[in-house]
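Protein chains in written order, with our numbering: chain A, 1 to 796; chain B, 1001 to 1163; chain C, 2001 to 2278.
Idealized CB from N, CA, C, for every residue including glycine.
Predicted, not measured: the structure shown is a model, and the values here were computed from it.
Here is the structure we will look at.
Have a look at this one:
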């Protein structure tokens, strides 16, 4: 579609960025070279050389030593290399880039690359290879010989391919399916490469305050004196499959200017990283931002590294280089979702009020994760959900491991915390005798000014009313009671036919979505909205391109406030050099904050319009007072600019023949403030439900034809609701399955045979219990019959 | 290998290895409406019309399509029914993300050309397995229904039309 | 000339197909290529051969050519073809894949893809309904025509071509088809279950039970035991049949290489189906 001819004589650029309406993977250039990444075939080891014996003319291999500037890129949590400098951190780590004019030839040559490892470490890497691929150990050729045989090693490395990933969702699920309690920290203690890269802990509550005698009671005393104590471990590796454009870049040098076509989500970051790696003046870097359809987990920051890799090749060859990730690479290295393990211990009083919550969060950060601290912080903030425990102790740790860089989709950053706390509430409900709705209403944060001991303040409006609305629309109480009775009856019948009554369950969950996090270490809350009322009466919004829905909402908002037709509102995405958007794209797509700021701009224009000379430009941003409502030092205050709240309910029925679930209904009630476009809001929520359903079971997209979405009436400012469903649906789903099965489902995603395996385990456990009871009874009977049981030693 | 095909109503000869996927060959011909998606034929990103039926081009070895009629989205845009589909989508509030356009539009085309007045079951059976990441199924179904109405308006009423 | 020496032959008539099959060794016949990832060095596409890409509906049977696409089969309608075949067709992939996939490919395909490390052949979705319906395959070469019952089909012999699949269109009082395993892909957990039953004056006159995926199960012995039984079946009879199936399954199937869930699913579905007779 598009052949782009870069202007070789271009000396001065009026804009450093521009927004293309194309996909970079559709673009071509004259004499363009295609690139492919050479990757490490093992997860640990030291590489001593990478080479190809016979590269044809026009084909080149570049490695770390060829990076013109610095190979190591600064991130908030340490340096990340463009190419590995020899010490391998994870399987598939980029070692170099192979480029050439024929794409097929490049991939053919890629398989012939020779990678030589230091033999002192080769036994360890073969061991790690065996573990990961479950293949027979390949004995090192000439293992008694101290000198490696390069050709034979190449044979070994050729046998390793990217298809057998070290840690896919499926392997994670398989590994942890039967774990009742799992501690990532225990596992990683055995891994010599693991280390803590980020940590956050917080303790709050009267038990941490010294009493009259100067003694600090501590959490232990609360647990010892509680009416109920509930423990549970929850395991989340949810990932939504997306078949959108894989990440990559096209880089070209013309003179001293570097032009990059890429679907970057963070313009300022990519410029800075390219400048460091290529030793190019940032002013000489022209970023042509192409369409972004995939907001995958690592895309936000790793895209810059990919651009550096392509730019390195472009620098040395003097030609345009196009690097496009394969679908396999995209899934394994850009959309890596490594597990988050959350252990809960909760103390309750007799009325069901939570006295203490102790939460331990373990995050496998992979080999590097610049957002690890922010992820932990957000998980800590969401760890107790929307509830108000009297005492809380939360500890969160991110560990480095020999896995590809892990991140989290920044819009789903606290999903795992809600999954854990909501399931924990369900367990509490079972023990306390209160229904899931009641236990939540007893403990939920109220907005009526009740004293809240939590360090985090959220503005959640009418949470109890919202839960009541959900209970009513889904008929939750009646169904829950009925299915609960069924489950109890079934558990007392040892050989009940599976087909006697439908195996049904219903789960309920609550969650919030906070937007405009004030505590981000990567970027401060510098959202700014600038609008200009032009001389011709039209209004220009200066903003990077947004989605069509947001554009429509902004047009209607401005039209309503300023009484101008929607067609008179336009979005100007051209930026001069000093105006480049500093923040990641997802910030500007934030409907809640940016719309609020837009309204403020319009109100300001209204006030000034009569006196001011046109064009009139107004800028609004988050006030200092708002930012100061969050105290980073004490990690307390109001963490978000705005919060939306939702409750969701899922009803499932198990097919007793195939051990598969069928979702009978999904109900979601949302309080997202004023709904600016009902159709867009409902569509957004339903799309989110669709995505969640596609991620609950590996390689399976569950469907549900009975979906109800409702919005609470509210005049408050509109808040972000796009990802609320991720906070509530997964936990509601597992709770429903737990009730239907009669055993706890604590892991997501599932596999198609997970429920069957759980039933088998449960049956085996019950049989063992029956057997042990029978044995104990028999022993008791023997005692009663006054048989004298002699100790073994005396008998003999 | 030389493979003669009728591509976008023009007879051309494709030079490709027979095992190369049609998706790769079409993109080499600068037909970029076919996108690389899942590679398994499930996502719809690479959909083309093969002898009038939407098929996933990522699974088809190009050697198989000799003498076949292939229409890509670029050329399909010249068809009147394309306008019906686009106007239907616009009416339903569907914003095409660009990457799965071929899948959505050709799925709509198949429904429009198969059923005069599709019922809910027919509609959802056509789109249920279509895994689009930017549009929910209800909205897509509405878009197709609006497209049906637009098509009827353009073509006028048909008497004795078989359902 | 292709650089990898791969060639795809074209045939316009059935005679061309026979000619190529006889003259080219190791020739692979291509259907829709929706399952196999790679094609052999020498292959032959039969897409547009009228004799192979058509179907004919008769009173008692439908003759399908192997190159008939699954969409074309669906267009016949549920009322005019065996219900279990129609239901099985609907579970296959997406409509666009069904526009490409062929009946012949679904019957003859099914080796594990490179991603699976197991040995053996995975039967695809339509295997089970055709097995239960006692379909008949016509295999031809230039000189000979063979008719093979589906239950005895172990692949197309060298030199032969699958030219017709005859599917009986009998009325069955109970027709149940269930697919188990992932919906969108074929994996070691994927299988199909088919159950057909006919009754007359409260006596079970005919019954077919088939289950196939990584394994194939159909037992005439078991079916014969049930035929003639008076309905409704008692719980004891049902349990006895299920137990017997359990034993037969273990005798037929290599349990080491198959997932235990498949057996459990088969026995549950069998019990459920037998209970429909009560």
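With a threshold of 16 other CB atoms inside 10 Å of the CB of residue i, please say whether the residue is buried or exposed.
i	result
residue 492 of chain A	exposed
residue 1116 of chain B	exposed
residue 2075 of chain C	exposed
residue 628 of chain A	exposed
residue 1027 of chain B	buried
residue 1112 of chain B	buried
residue 199 of chain A	exposed
residue 166 of chain A	Because the pLDDT at residue 166 of chain A is just 41, under 50, the model does not fix this residue reliably, and the point stays unresolved.
residue 1079 of chain B	exposed
residue 655 of chain A	buried
residue 746 of chain A	buried
residue 2144 of chain C	exposed
residue 651 of chain A	buried
residue 1053 of chain B	buried
residue 1151 of chain B	buried
residue 2077 of chain C	exposed
residue 188 of chain A	Confidence is the limiting factor: at residue 188 of chain A the pLDDT is only 42, short of 50, which leaves the residue's position unreliable, though a coordinate-based value still follows. Burial call: buried.
Hey, out of the options, whose CA is closest to residue i's CA?
i	options	result
residue 2046 of chain C	C/2176, C/2260, C/2207 and C/2027	C/2027
residue 558 of chain A	A/547, A/548, A/538 and A/545	A/538
residue 562 of chain A	A/276, A/551, A/598 and A/260	A/598
residue 2068 of chain C	C/2247, C/2032 and C/2041	C/2032
residue 428 of chain A	A/34, A/232, A/55 and A/108	A/232
residue 2177 of chain C	C/2011, C/2126 and C/2052	C/2126
residue 484 of chain A	A/669, A/222, A/741 and A/68	A/741
residue 118 of chain A	A/102, A/89, A/45 and A/63	A/45
residue 502 of chain A	A/396, A/372 and A/479	A/479
Mind checking if residue i is an interface residue toward chain A, Cβ cutoff 7 Å exclusive?
i	result
residue 2181 of chain C	yes
residue 1045 of chain B	yes
residue 2035 of chain C	no
residue 2261 of chain C	yes
residue 1097 of chain B	yes
Which of helix, strand or coil does DSSP assign to residue i?
i	result
residue 1095 of chain B	coil
residue 357 of chain A	strand
residue 1083 of chain B	helix
residue 69 of chain A	coil
residue 626 of chain A	helix
residue 677 of chain A	coil
residue 698 of chain A	coil
residue 655 of chain A	strand
residue 1124 of chain B	helix
residue 2268 of chain C	helix
residue 1101 of chain B	helix
Is any beta-carbon of chain C found at less than 7 Å from that of residue i?
i	result
residue 71 of chain A	no
residue 1090 of chain B	no
residue 486 of chain A	no
residue 1027 of chain B	no
residue 1048 of chain B	no
Chain B beta carbons: is any one of them nearer than 7 Å to that of residue i?
i	result
residue 2021 of chain C	no
residue 2095 of chain C	yes
residue 723 of chain A	no
residue 678 of chain A	no
Using a Cβ cut-off of 7 Å (strictly closer), state whether residue i contacts chain F.
i	result
residue 753 of chain A	Going by chain labels, chain F is absent from the structure shown, which instead holds the protein chains A, B and C.
4-residue-minimum alpha helix (DSSP H) runs that sit fully inside the stretch 2071-2104 of chain C, ordered along the chain: 2083-2090 and 2095-2098
Residue ranges of each beta strand (DSSP E) within the stretch 88-116 of chain A, 3 or longer: 94-100
4-residue-minimum alpha helix (DSSP H) runs that sit fully inside the stretch 719-744 of chain A, ordered along the chain: 724-741
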